[in-house]
Every structure is written in structure tokens, then in C-alpha cells.
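Below is one structure, written out as C-alpha cells; comments come after it.
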Amino acid sequence: MKIAIASGKGGTGKTTLAVNLAVIAGRSATLVDCDVEEPNAHIFLKGDVAATETVSIRVPVIDENRCSGCRACVEFCSFNALISFGGPPLFFPDLCHGCGGCRLVCRSRAISEVTRPLGEVRRIDADLCILVEGCLEIGVSSPVPVIKAAKAAATGDFVIYDAPPGTSCPLVATLRGADYVLLVTEPTPFGLSDLRLTVEVLRQMNVEFGVVINRAVRSESLIHDYCHHEAIEVLGEIPEDRRIAEAYAAGRLIVDALPGYRPLFRSILEACLERVTA
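So for the sequence shown, this note's numbering puts the first residue at 27; every next one is plus one.
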């Protein structure tokens, strides 16, 4: 069973929800931090690194002395990683997806390949669950290969994906294969705007989802009104509580620092499980 925690913007509380749900689930859960550009779940789930895997792709190296300038490699590349003005092509590594096609179509055998590291995946044995963390190399533009590697490294029957913010390729790569998605939002106009965008993506992906409202206040019905109109379930509300912010700032889990919130997170987790198994 795979559950993803997502939102349309950063700072809404995805990691807050993900790490506390993972702890409630216990040792049977594996949390995958797919926000590989700035992973931070390890701040809350402390433990020893048990294994590390380098994520890399093979990229072309062009021998200008052998290149005939035929442009076959340029015409093959769908990502415009190669460009030529009559001579040996110029290569843009940030656009390369490592498919190897340019080498195969080169009639002059002028293209070889070298390994380009993109990041790494770490498996951390935390006290209360397993954490798999992807970490992108500085300067690498696409996090998708590292996200896929982090997901592939997850083991166990119950996996939680802590998704990156936004609605672009990294989010889509994280959500693929998920059985259910929890969308975290906040009761503000910005929160609603980003929630609308993420809902549109999920509906196009045909993934079942529900909403959790973070920093909820009783006087604000903005998110509830939208969810009612769109027939979206609200599975829980994490209230606006200064003590939660203080615990988060100190790198502490809410369910440990404020045990009174354990039933709330357990009810959210049980609601997810019910909808997946229904």
C-alpha cells in the first residue's frame, strides 16, 4: 500500500503530516522523502544511515576528430541536448536524459559515454520507522531520476511518499503508483489557489485523494466550501497551535511533543487505509 502526501506549494505541512503518520504506522512503514532538492524528514526521524546508493546516468562524449557533422544525433535527441551548426555538436548535459540513442545512431562512432552522478539515495534506520531519502546533487536540474531511485529503494508493505511541492514533473513522478494521495493545504487564498491546481493534476492522473487542512481555524471556511462544492473529502484538520510550530522548529515530532494529537494523526491514517481497502 502506497500513500503520498502532496500539496501545490511549499510550507503547507507535507513533511509535518508525513513524518507523524509514519511514526503512528510504526516499524511496518517506510517513509520516502521525495523532495530530493531539499529533503528534511531526517531532521525529525533521526537514525543511522544503513545504505547509500549513487544515482547516475550515462551521458555522451563526442570525439570531434571522428565526428562527420551529419547531425544524426541532433535529429534523434527529443530533449535538445545536442545542437549543431555544421560541425561537431554542442552538448548540454542538463537536458540529457541518458537514453543512449545518440551513440547508437552515430554512423562515425564518434560518441562514447561517461557516467554523470545526479544524486544519491540513503536508507536510514530511524527509531520508529524506515526512512529512504533522495538527495539531488547541486547543479543538477532534473530531480526525477533521483525520485524514481528513492521510490525503488523503498521496501515493505506500507510506504508513504513525502512529495515535493508544486504540480510539475517531480510531483507527477512521485505520485505515480500511489494508491491514495493526501493533499495538505491551509485556509488562505494562496492555499486554495494551489489546492485547485493540484486537484486538477490528480484528476487527470485518475488518483483517489482527500484533503487535510493544516493551521485550521474555526472561523475560516474557505477550504471547506471549495471541497464541498467539488465533492472532495476532508479527512482531518490540524489546528493553528503555537505549540506545534515550536515543536516543528525544534525538530520534534508532534505526536511525541504533544501526545494529545496522536488520536488526530491516527484517525487520518485510518481514514486513508479505509479508502484504499474499500
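For each residue, glycine too, the CB sits at the ideal point set by N, CA and C.
Predicted, not measured: the structure shown is a model, and the values here were computed from it.
- Residue 278 and residue 42 have their alpha carbons spaced roughly 10 angstroms apart.
- Sequence-distant Cβ neighbours of residue 124 in its own chain, meaning closer than 7 angstroms and more than five residues away, are 83, 84, 85.
- If you look at residue 282, you'll find it in the alpha helix (DSSP H) that goes 280 to 283.
- DSSP, read as helix, strand or coil, puts residue 138 in strand.
- The alpha carbon of residue 119 has as its nearest neighbour, out of 131, 51, 105, 110, the alpha carbon of 105.
- Under the 10 Å beta carbon count, residue 69 is surrounded by fewer than 16 other beta carbons and is classified as exposed.
- DSSP places residue 86 in no alpha helix (DSSP H) but in the uninterrupted beta strand (DSSP E) bounded by 73 to 88.
- Between the alpha carbons of residue 273 and residue 304 lies a distance of about 35 angstroms.
- The DSSP-derived three-state label of residue 43 is helix.
- Linking residue 246 to residue 262 through their CA atoms gives a straight-line distance of about 15 angstroms.
- DSSP places residue 58 in no alpha helix (DSSP H) but in the uninterrupted beta strand (DSSP E) bounded by 55 to 59.
- Comparing alpha-carbon positions, the option among 55, 142, 40 lying closest to residue 183 turns out to be 55.
- The C-beta distance from residue 94 to residue 134 rounds to 5 angstroms, short enough to meet the 8 angstroms contact threshold.
- Cβ-Cβ separation between residue 37 and residue 152: approximately 23 angstroms, too far for a contact (criterion under 8 angstroms).
- Within the same chain, Cβ atoms closer than 8 angstroms to the Cβ of residue 50 are found at 281, 288, 291, 292, 295, the five residues on either side in sequence being excluded.
- Distance from the CA of residue 98 to the CA of residue 115, rounded to the nearest whole angstrom, comes to 10 angstroms.
- By the neighbour-count definition (other C-beta atoms within 10 Å, threshold 16), residue 158 is a buried residue.
- For residue 183, no pairing in a beta bridge is given by DSSP.
- Looking at 100, 59, 286, 39, the one whose alpha-carbon comes closest to that of residue 127 is 100.
- Pairing residue 211 with residue 32 gives a Cβ-Cβ distance that is not under 8 angstroms.
- In this structure, residue 169 lies near residue 190, with their beta-carbon atoms less than 8 angstroms apart.
- The distance from the Cβ of residue 301 to that of residue 256 is about 16 angstroms, inconsistent with a contact at the 8 angstroms cut-off.
- Rounded to whole angstroms, the gap between the alpha carbons of residue 298 and residue 81 is 32 angstroms.
- Per DSSP, residue 165 lies in no beta strand (DSSP E) segment and is marked neither H nor E.
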